[in-house]
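**Student:** Let me give you the structure first, and then I'll get to my questions.
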Amino acid sequence: MSKTSRESRKYSIKFTVGSMFLFATAITACVAISLQYHFGKQMSQEAVLAKLKIASSDVSEYLQQVEMNATSSVRILRGVSTTIDHKFSDHEIRDIFTQILDDNPLFYSLYFGLNNDNFFQVINLESSPVVRDRIEASPDDRWVIIKITGPEAHRIRTTDYYTSDFTLTKSIKEESNYFPTQRPWYVGAKGNNVFKTDPYLFQHLKITGQTYSIESKKGAIGIDVVLSAVNEKITATELGLSEGSGAESFIFNDKGEVIASNIALYQEVNIPDSAPLGLSAQNQALIDSTESLMVSNQNDWGPYDYAQSGLPKGYAIDVLNLISDKTGLKFEFINGFSTVELAEKYRVGDLDILHSVPSNIDTIGVRSGTMFEGELALAAKVTQSVPKDLNNLLSQPVGVVGGFEMKSWLSKRYPHLNIVELESLDDAKEALMKGELNYLVDTYHTLGELNELVIEQTVAVTKLQNVDPISFHLYMKEENSALVNLINLAIEAISPEQRSALRKKWLDTNQWRGTFVPYPELYQLSRSVESLNQIRKIALGGEEKYVFITEMSSGNHDKEYFAVLVPNSVIMAKIIPELVTSIAVTTAVMLCLMPLAWRFSAPIVKPIRALRVETQKIKARQYDQLNGVETRIKEVHELSQSIANMGAELDRHEKQQEEFVEAFIKLIAQAIDDKSPYTAGHCNRVPELGLILAKAAEECNTGKFKDFQFANDDERREFRIAAWLHDCGKITTPEHIVDKGTKLEANYNRIHEIRMRFEVLWRDAEIKYLTGQLAETTNKEQALADLKQEKDALKEEFAFIARSNVGGEFMGEESIARVRSIASKTWQRNFDDRLGLSPFEELNKQHVESTLPVLEPLLADKPEHIIKRIRPLVFDEKFGIKVEVPEHLYNLGEVYNLSISRGTLTAEDRFKINEHMISGIKMLEALPFPPELSRVPRYASTHHETLKGTGYPRKLTDKDISVPERVLVVADIFEALTAADRPYRKAKPISVAIDIMHKMAMDEHIDMELFILFLESGAYLEYAQRFLPQEQIDPVDINKYLSQTAVA
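Sequence positions in the sequence shown follow UniProt numbering and run 1 to 1048.
Structure representation (structure tokens):
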């Protein structure tokens, strides 16, 4: 538009006044709404955070109240037991204990253990859902009472199940190896103070928890709280937030170790399953007669052997679990004790197995094979240089964790070291940071965990040089040497894949193991008194979060903290809806006043808007839904008619274009079918079968297809076009590869060349005979016999080569060796084989002159048989192609081709055929398909994939393949199996084809549910009746496949 026309534009007064009014009103509304948004957002945010702080404080106070109740309850029970001379009966004790548990629903159990190792326990089945499942109680059961009595050699555990009115529902008696005096809660209960254990593994239920215990008159009293029950109390819903909001909550101790959490802290690497060892009858009897073995579990020797919230974890623990799977041995892990205490328990016989011990002759018992190896490292403060050789250390104190013979191992190899033993790794780190030690020695990965909870590294860790990796073993007493032999067999049977998974899971420094709180900043905040009981906004893991931390512990127990982290987005999600509602109301009121300025513009605006709706229909290609606009304005009426006429013309033109495109696609498909008799009418029939099966899937109301439906005709057309184009890449595949019917076939069957060489050898044998007769140097009868023998041999050898060329039988190593033997025979070439060559052959031919005549091998793999690639074959990453590309384009070697074990195709030939899929992808991806046909390249290039990832060219798996793609896989296979117009083989009856497809479904080659639908819907029969000759349509008992599938 020119400047003059812009200056001469005129506007009506209605438009001018109305626009000014609208502009002033809009400015006022924007300012008012912006101020309301700013201050409303701030007030709402403060209100939500205040509610969150109150909810977090309430949860913290509740958990602290549980601790106070547990502490006061055991104190009261101790007071009753020590001050009252009355001897309480089991029923009286039961009533007291159940009353306390009823008043404190988070308590898992209450019990006492006596000095004589008698034990009485009442379990609260309502404390956590996991308790009822683990103890195998019925829904009607309310309490479980466990009593353990008897001498050490014959201890009996009685487990009684009671309803809420103490009606006995079940009673179980069994032998027990439980001794309360050896448990952490009993050992720690000394004096008048209540002892709170670190999280450990409850022996009876094999779940983790903590115990509050106190020494009583004749033993100790304890209350258990399972961590799963605590986890349920710190969920997002308890904090007033929705599940899945991303809110995280943790209870952790003063060391930063997680005690309870509402989230899974890490994603475990799955260790491949183990197959049981093939044991002799004697060894199996030994396994069956062996009760559960008590096994050590250290508290903090990560990542090899440690307890996370009481649950045994680590490399060594997984190795022991693999040993259990392979042998059937049952292990019970004992934790909650220091390494020194565990070593002593092994020495006195309270533990059957002490593991993760360096090889040392001082350890009592039989040593197993190597469970794992660890590289030794040295740790020091970052301000101090760290030597890489222990021989360089003189008198500086070097710390090791005691109990498991590390000091002894080092002393024998480095007697000059000043080694100091400490009880735990935490004690060792504390001594290092205080300067009481100069260095720490342990495995590299163990020392690496010293920097878990620091934002800036405080400890430097260096691998030691000139030291081989240290091997770690398990030890058992001499009388268990037979079991150690079985364990060694299991260790040796651990596969490389399992070892690789173990290393990734436990030794990969990027793999989070969940021992400590996942944010060092969170741990550092807990160390600051000013940060407690406050809502703070900080950046954690690249995301802004609100953090609330409060100290939980009271009395003489170690400090514990409760922390809640809520993403900023969650807070905003609670604020925005209310704020939006408020602003929306304000905006609506203002907008109600604005239409008055335009009230009288309705006669023009209304039909124009209606015309706009009609143009949107044209844009959406809904030509059949166009309607004329009723108006009294002539120009608008004419415009409405023009739009309707334009829509009709566009509709006609689009249909012509679609017909043209589909005709062109069918032309390509027909050209591919006509290109080779090996494909025949394949491209024509696959779309028909695909549409039949797709329709059956749409009509199916069960299974995975109940929600499958083409949204419209465009999606059906997209699927149909993809089916027509599914083999379009074959247009680039050389015909001599597609049609290769024998091993020696290239552009022709080279068996004729080979036969001619045998003819030469035949003629040579006759000449040799005749020459001998002329020279009268040989006996005629003997010469004739030799000639016949040689000819017979040539006949048999050529017959063998000819049979091998057909490829109908499997070629074993013996047959291949015979081919090579025959190939070593020679014939005489008298002519130059470099004459009469094409330019391409001359490039490929070696330029080495030889003096004629020349002896040539009967069969050969010559350099000129190798057809190299003109350029490297590289695939664009966006195509997702995952195939192995042979080094050469073709290998026409005669021995090489005749040595093909199955069929007639070499690896190069097979790749060239499979390459039609890659060519198809390139061709289709290069076409500018409209949006409604955007999935054609994907649909058309997936019919050679399998559900288990063994297909080509993308090696897709079950989760990657859509329903339309699965349909095309089935259609492609069934058509290929039943095609009757292929000259190289007889068509299979439909019963045989379906049996083959069932095997393919069982092998996850095709979708089993789709295969069943293919049968049940009768799609196979409908296709057969339309396209197959009557003699191929034999009866099919589909029930046998349905029943086999149901059993599977």
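Glycine included, each C-beta is placed from N, C-alpha and C at the ideal position.
Look at the alpha carbon of K14 and the alpha carbon of H637, and state the distance between them as a whole number of angstroms.
**Tutor:** Residue confidence is low: K14 scores 47 on pLDDT, short of 50, so the model does not pin down where it sits. No coordinate-derived value is stated.
**Student:** Around the C-beta of H916, are 16 or more other C-beta atoms found within 10 angstroms, so that it is buried, or is it exposed?
**Tutor:** Its Cβ being crowded by 16 or more others within 10 Å, H916 is buried.
**Student:** Taking the straight line between their C-alpha atoms, what separation do you get for K217 and K434?
**Tutor:** So the two alpha carbons sit approximately 41 Å from each other.
**Student:** Applying the criterion that 16 or more other CB atoms from any shown protein chain within 10 Å of the CB defines a buried residue, is L852 buried or exposed?
**Tutor:** Per the 10 Å Cβ criterion, exposed.
**Student:** Using DSSP with H/G/I as helix, E/B as strand and the rest coil, what is S72?
**Tutor:** Correct three-state label for S72: helix.
**Student:** Around the Cβ of Q465, are there at least 16 other Cβ atoms within 10 angstroms (buried) or fewer (exposed)?
**Tutor:** Answer is exposed; the Cβ neighbour count stays below 16.
**Student:** Since P180 contacts T197 with CB under 8 Å, what's their CB separation in whole angstroms?
**Tutor:** The pair is not a contact, with the Cβ atoms about 13 Å apart (cut-off 8 Å).
**Student:** According to DSSP, is F331 part of a helix, a strand, or is it coil?
**Tutor:** Of the three classes helix, strand and coil, the one that applies to F331 here is strand, per DSSP.
**Student:** Along the chain, where does the beta strand (DSSP E) containing L168 start, and where does it finish?
**Tutor:** 168 to 175 is the span of the beta strand (DSSP E), which, as asked, contains L168.
**Student:** Going by CA-CA distance only, name the one from N891, E894, E945, P953 that's closest to I921.
**Tutor:** The candidate whose alpha carbon is nearest that of I921 is P953.
**Student:** Can you list, in chain order, the stretches of the beta strand (DSSP E) that have 3 or more residues and sit fully within the segment 835 to 903?
**Tutor:** Runs found: 854 to 857.
**Student:** Who are the Cβ neighbours of M1000 in its own chain at under 6 Å, not counting the five residues just before and after it?
**Tutor:** Correct list, in chain order: I1006.
**Student:** Let me know if G836 comes out buried or exposed under the rule of 16 or more other beta-carbons within 10 Å of its beta-carbon.
**Tutor:** When all chains shown are included, G836 counts as exposed.
**Student:** Have a look at S901 and G812 and give me their C-alpha separation to the nearest angstrom.
**Tutor:** Answer to the nearest angstrom: the Cα atoms are 7 Å apart.
**Student:** Grab me the residues of I1033's own chain with a C-beta within less than 8 Å of its C-beta, minus the 5 sequence neighbours each way, in chain order.
**Tutor:** The answer, listed in chain order, is P989, I990, L1021, A1024, Q1025.
**Student:** So which of K407, L437, V226, Y161 has the shortest CA-CA distance to I146?
**Tutor:** Looking at the Cα atoms, Y161 is the closest of the given residues.
**Student:** Alpha carbon to alpha carbon, how far is D1037 from L933? Give it in angstroms, no decimals.
**Tutor:** C-alpha separation (whole angstroms): 39 Å.
**Student:** Would you mind working out which of D624, G402, Q210, I754 sits nearest Y108, comparing C-alpha positions?
**Tutor:** Of the listed residues, the one whose Cα sits closest to Y108 is Q210.
**Student:** List in chain order: all unbroken beta strand (DSSP E) runs of 3+ residues lying wholly within the segment 139 to 165.
**Tutor:** Here the runs fully enclosed are 143 to 149, 156 to 162.
**Student:** Measure from the alpha carbon of I767 to the alpha carbon of each residue in V459, Q396, E790, then state which is nearest.
**Tutor:** The residue with the shortest Cα to Cα distance from I767 is E790.
**Student:** Does A539 come out as helix, strand or coil in the three-state DSSP assignment?
**Tutor:** Reduced to three states, the DSSP call for A539 is strand.
**Student:** DSSP on S531, reduced to helix/strand/coil?
**Tutor:** S531: helix per DSSP, three-state reduction.
**Student:** Is the distance from the Cβ of F112 to the Cβ of I271 below 8 Å?
**Tutor:** The answer is no: Cβ separation not under 8 Å.
**Student:** Is DSSP giving S5 helix, strand or coil here?
**Tutor:** Confidence at S5 is low in this model, with a pLDDT of 49, below 50, so the placement of that residue is unreliable and no value is reported for it.
**Student:** Assuming V626 and K617 make a contact with CB atoms under 8 Å, what is their CB distance in whole Å?
**Tutor:** The identity of residue 626 in the sequence shown is Leu, whereas the question assumes Val. Yes, they are in contact, since the Cβ atoms of L626 and K617 sit about 6 Å apart, within 8 Å.
**Student:** Give the DSSP-derived three-state secondary structure of Y623 in the structure shown.
**Tutor:** Y623: helix per DSSP, three-state reduction.
**Student:** Can you give me the Cβ contacts of T957 inside the same chain, cut-off strictly under 6 Å, excluding the 5 residues immediately before and after it?
**Tutor:** So the qualifying residues of the chain are G949.
**Student:** By how many angstroms is the C-alpha of P930 removed from the C-alpha of S495?
**Tutor:** If I take the Cα positions, the gap works out to 51 Å.
**Student:** Taking all protein chains shown into account, do 16 or more other C-beta atoms lie within 10 angstroms of the C-beta of V441, making it buried, or fewer, making it exposed?
**Tutor:** It counts as buried.
**Student:** Provide the residue span of the beta strand (DSSP E) that contains Q828, from first to last.
**Tutor:** First-last of the beta strand (DSSP E) with Q828: 826 to 829.
**Student:** Name the two residues that bound the continuous alpha helix (DSSP H) containing P496.
**Tutor:** P496 -> alpha helix (DSSP H) spans 496 to 507.
**Student:** Would you call the CB atoms of L1013 and F705 closer than 8 Å?
**Tutor:** Closer than 8 Å, so yes.
**Student:** In chain order, what residues of the same chain lie with their CB nearer than 8 Å to the CB of E1016, ignoring the 5 residues before and after it?
**Tutor:** Result list for E1016: I1038, L1042, in chain order.
**Student:** In three-state terms, what does DSSP make of I13?
**Tutor:** Its pLDDT being 40, under 50, I13 is placed unreliably by the model, and nothing is read from it.
**Student:** Just mark T169 as buried or exposed, buried being the case when its beta carbon has 16 or more other beta carbons within 10 Å.
**Tutor:** Exposed.
**Student:** If you reduce the DSSP assignment to three classes, tell me which class E688 lands in.
**Tutor:** It is helical.
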